[in-house]
Each structure stands twice: as structure tokens, then as C-alpha cells.
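J.:
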Amino acid sequence: MYYQLPFKTGRYVVEQLGDHPNGTLVQVLAVIHHPKQGDLHAPDESPVFFHERKALAYREKRIVHPNLLKPFDEELPHYNESLKAAVLRLEEKLQAEDTDYNRQARRALSNLKDEYHRYHSIQF
């Protein structure tokens, strides 16, 4: 069975691997929503240092609280395809309005796209 996991500002498809004293161990299989870029404590603002947030990696393991897991009933997408789709959705959202924050977030996302291309061979 697959689950949705919200993690920071991203959302992922995961599978449970087992119990852990601090929660349940899961591994990432796909990306539903790419994490937002920038300062999580001051969203939509343009700080001096702009945080660049990568998506969790394929088969990356996390210990999470079981209450965060919600059933995922759709067909499991391939990790690379899901990552590409999530990045493109976020990019489209950032292009909808021309603000300083959105420009900085697009630059951060552009850097991540280059990295995803280099390490995952994803063509954007």
C-alpha cells in the first residue's frame, strides 16, 4: 500500500518499511508537490538569503509520525516523471505573478532543474 506524506512544504508518495521507536520508517517513491523555495518562516517574502529546497530523493528514507500518512489510491508514477511534473507545476505557479519573491524562487528552481538534469537525466 502506498501513502501520501506531507514533508515540510512538499508532498510525496511513500511506502512503509516498518516501525521505529520514534514513528514509522518510510521510503520515497514519487513526488506529488515540489517543496516551496525561500524562507519557510516568512513565505512570499524576499530575504537576503533565499533557501533552495530540493525534493526528497528516490528511495530516501524518513522516520515520520504515522498520523501524517494518508492513503494514495492512484497509479504510482515513476519518480523522475513525478519530479519533473511537480517542478513544472511549481514553475507555472511562480510565473503567474511577477513579484520579487517569485523571481528569486524561479532562479532557485532553475538551479534545481539543472541539478535534477545532471543527477537524474531529467529533460525540462
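Quick note: the sequence shown uses this note's numbering, first residue 1288, plus one each step.
Using N, Cα and C, we set each Cβ at its ideal position, and we do this for glycine too.
#1: Start and end of the alpha helix (DSSP H) containing tyrosine 1406?
#2: Pull the bridge partners of tyrosine 1345 from the DSSP assignment, please.
#3: How many Å lie between histidine 1307 and isoleucine 1350 at the Cα?
#4: One question on the structure: do histidine 1338 and leucine 1370 come within less than 8 Å of each other, judged by their Cβ atoms?
#5: Pull up the distance between the alpha-carbon of asparagine 1398 and that of valine 1301, whole angstroms please.
T.: Working from what's here:
#1: Against the sequence shown, residue 1406 aligns to sequence position 119. First-last of the alpha helix (DSSP H) with tyrosine 1406: 1387-1407.
#2: Here residue 1345 is taken as the residue at index 58 of the sequence shown, counted from 1. DSSP lists no partner for tyrosine 1345.
#3: Locating residue 1307 in the sequence shown gives position 20, where the first residue counts as 1. Locating residue 1350 in the sequence shown gives position 63, where the first residue counts as 1. Going by the C-alpha atoms only, they are around 7 Å apart.
#4: The residue given as residue 1338 occupies position 51 in the sequence shown. The residue given as residue 1370 occupies position 83 in the sequence shown. Contact annotation: histidine 1338 and leucine 1370 have beta-carbon atoms that are not nearer than 8 Å.
#5: Within the sequence shown, the letter at position 111 stands for residue 1398. Within the sequence shown, the letter at position 14 stands for residue 1301. When rounded, the distance between both Cα atoms is 26 Å.
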